[in-house]
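Counting in my numbering, the sequence shown tops out at residue 438, every number present.
Ideal Cβ positions, reconstructed from N, Cα and C, are used throughout, including at glycine.
Read the structure below first, then the notes.
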Amino acid sequence: MNMAILHHQQSHYYSINFSPTHHSSSLTKKRSLSYKYKFPATGNRMARSSSVSDDDKVFDVVIVGAGIIGLSVARQFLMDSDLSVAIIDKGVPCSGATGAGQGYLWMTHKTPGSPTWDLSMRSHQLWTTMADNLQAQGLDPMVELGWKKTGSLLVGRTRAESDMLQARAKQLSEAGLIAEYLSSSDLSKREPDLLVDNDTSAAFLPDDCQLDAHRTVAYIEKGNRNFASKGRYAEFYDDPVKCFIRSDSNGDVEAVQTSKTTLYSKKAIIVAAGCWTGSLMKDLFRNWGMEFHVPVRPRKGHLLALQNFNSLRLNHGLMEAGSSREFAGFNTDLDESVINHIWKRVGEYFPKLRSLSISDLCETRKVRIGLRPYMPDGKPVIGLVPGFSNVYLAAGHEGGGLSMALGTAEMVVDVVLGRPGNVNSTPFNVDRVIE
Ligand SMILES: Cc1cc2nc3c(=O)[nH]c(=O)nc-3n(C[C@H](O)[C@H](O)[C@H](O)COP(=O)(O)OP(=O)(O)OC[C@H]3O[C@@H](n4cnc5c(N)ncnc54)[C@H](O)[C@@H]3O)c2cc1C
């Protein structure tokens with residue numbers, strides 16, 4: 004069971020998760036680039052530029068950022084078109100927010116009719132299809148993706164929150180999901196270790212799922228790499244993007260310059276650099292004397308994971324608690340006071356754990372820290388950068404990037420290829436945020 008507690012401000016959730024151990028250390032290790040670049044068989048040199056040298060590489064699509072968004076976009080282009088794709092990262096795929104993500108694919112706190120509702124629903128459907136397809140191939144989605152149908156429980160502690168949860172369960176049911184309102188007695192029966200008083204209640208969605216970000220990233224990368232032998236895919240890791248190169252003739256961006264190489268793009272450049280998207284775009288455009296401000300900000304999160312945790316059993320095995328949300332710039336240092344606060348909050352809901360000090364658990368604990376790409380209006384920014392014909396953004400998913408990744412990838416590919424999409428992309432357009 005995955006569980007979140009309503010905060011007084013309704014938009015904030017505190018989540019506690021008890022789930023089987025499946026985070027393999029070999030998957031979470033930092034990897035260096037293991038896949039060598041191969042020249043795309045279909046990649047024609049760009050006739051336009053006499054400055055293109057033999058060391059430069061030409062791809063249809065160049066993606067900046069190999070987090071869950073960039074990798075999913077790469078996957079979608081590879082599977083859904085015949086275009087060649089290069090993906091660049093200043094580190095490795097799980098070094099950004101993706102590596103810290105809890106992996107909840109939740110609809111509990113999405114509002115039917117809101118702009119992210121359709122995107123989340125579509126994404127949920129695509130993730131479920133991916134898990135089903137694995138099963139149909141005789142593979143275990145739990146092994147490949149860390150996939151679990153955990154269900155989700157959103158808990159409130161006051162009368163007002165109880166009313167809100169009741170309305171939420173009704174609204175989600177009317178929107179076609181299986182959603183139940185649990186009164187305090189129903190909740191006690193379901194989670195006997197949870198502190199429940201007369202005013203405590205919950206919304207329960209049995210179909211909500213969870214994936215493991217590291218396993219899922221490894222699975223997507225493996226699939227993408229199958230296209231490398233056909234000359235359609237290459238990864239450039241540990242290689243930060245330094246600048247864009249513009250065409251003299253039409254002013255479009257024709258190439259991406261990294262610290263080690265130049266990658267030419269024939270069709271599209273997708274910037275999926277998570278919380279770094281704003282600062283990166285600003286720097287890239289400043290080189291041309293242009294101001295470009297995307298208001299994506301890093302929102303830091305601490306996640307506490309306890310391996311082999313036996314003091315409380317809901318689903319048991321690995322316990323994850325958190326995650327915190329704070330604006331602290333690009334700082335990713337561990338703050339023990341945040342961990343202590345998370346642990347204190349856990350004790351408020353699970354009295355059995357109050358006698359356990361977090362310092363007693365240092366042997367088995369692991370803290371994951373990541374910077375969520377926060378957008379002030381709560382929506383990711385997906386689409387063409389105004390003034391250019393080939394530069395696109397796909398960023399700003401804050402605390403929902405894992406859950407929205409596959410829907411976002413489909414949307415990006417549809418927009419680039421000029422196809423009608425499953426989900427209306429207009430609410431996510433870039434021009435809404437350009438200042
Ligand atoms: C503690 C925590 C818990 C979370 N829990 C959930 C959850 O339960 N469910 C959910 O859906 N989401 C969750 N999230 C949010 C989710 O992890 C993010 O929304 C998602 O990972 C964002 O993916 P991304 O690809 O946009 O960004 P990132 O994963 O940050 O990837 C961006 C990449 O861009 C690269 N980059 C940056 N600058 C450059 C450059 N100059 N050159 C080249 N590469 C560059 C970075 O190295 C990075 O790898 C959580 C996040 C945190 C921190």
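Residue i, DSSP secondary structure in three states
i	result
T261	strand
I90	strand
F333	strand
V418	helix
D363	helix
Y40	For Y40, the predicted model reports a pLDDT of 33, less than 50, meaning its position is unreliable; a value from the coordinates is still stated below. Reduced to three states, the DSSP call for Y40 is coil.
V158	strand
S428	coil
S268	strand
K225	helix
F247	strand
P423	coil
K33	No answer about K33 holds up, because its pLDDT of 30 lies below 50 and its placement is not dependable.
K233	coil
D63	strand
V199	coil
R328	coil
A163	helix
D242	coil
S358	coil
G292	coil
Cβ-heavy atom distance, residue i to ligand 1, below 7 angstroms
i	result
C278	yes
K93	yes
S2	An answer regarding residue 2 cannot be provided, because it is not within the stretch 4 to 438 covered by the chain.
E183	no
T131	no
Q105	yes
L356	no
P298	no
P96	yes
S123	no
P379	no
G141	no
L283	yes
V76	no
A221	no
T114	no
P389	no
R289	no
R2	Coverage of the chain is limited to positions 4 through 438, which leaves residue 2 absent and any answer about it impossible.
E238	no
I72	yes
L266	no
R375	yes
V384	no
D217	Contrary to the premise, residue 217 reads as His rather than Asp in this sequence. For ligand 1, not one heavy atom lies less than 7 angstroms from the Cβ of H217.
H344	no
H400	yes
A275	yes
V436	no
L405	yes
G149	no
T326	The question names Thr, but residue 326 is Ser in the sequence shown. Result yes, Cβ under 7 angstroms from ligand 1.
V244	yes
Endpoints, the beta strand (DSSP E) within which residue i is located
i	result
E238	236 to 239
L387	384 to 387
I437	Element bounds for I437: n/a, residue is neither H nor E.
V394	394 to 398
Beta-ladder partner(s) of residue i, from DSSP
i	result
R300	Y377
C212	L108
Y3	Any property of residue 3 remains undetermined from this structure, which presents the chain solely from 4 to 438.
H305	I372
V256	R249
V274	V67, L396
Residue-level contact to chain C via CB, residue i, 8 angstroms cutoff
i	result
V256	You won't find chain C in this structure, because it holds only one protein chain.
Endpoints, alpha helix (DSSP H) assigned at residue i
i	result
F288	280 to 289
N478	Since the first residue shown for the chain is 4 and the last is 438, residue 478 is missing from the structure and cannot be characterised.
heavy atom of ligand 3 below 7 angstroms from residue i C-beta
i	result
A331	This structure lacks ligand 3; the ligands present are ligand 1.
Sequence ranges, alpha helix (DSSP H) only - wholly within the stretch 76 to 154, length at least 4: 118 to 139, 144 to 148
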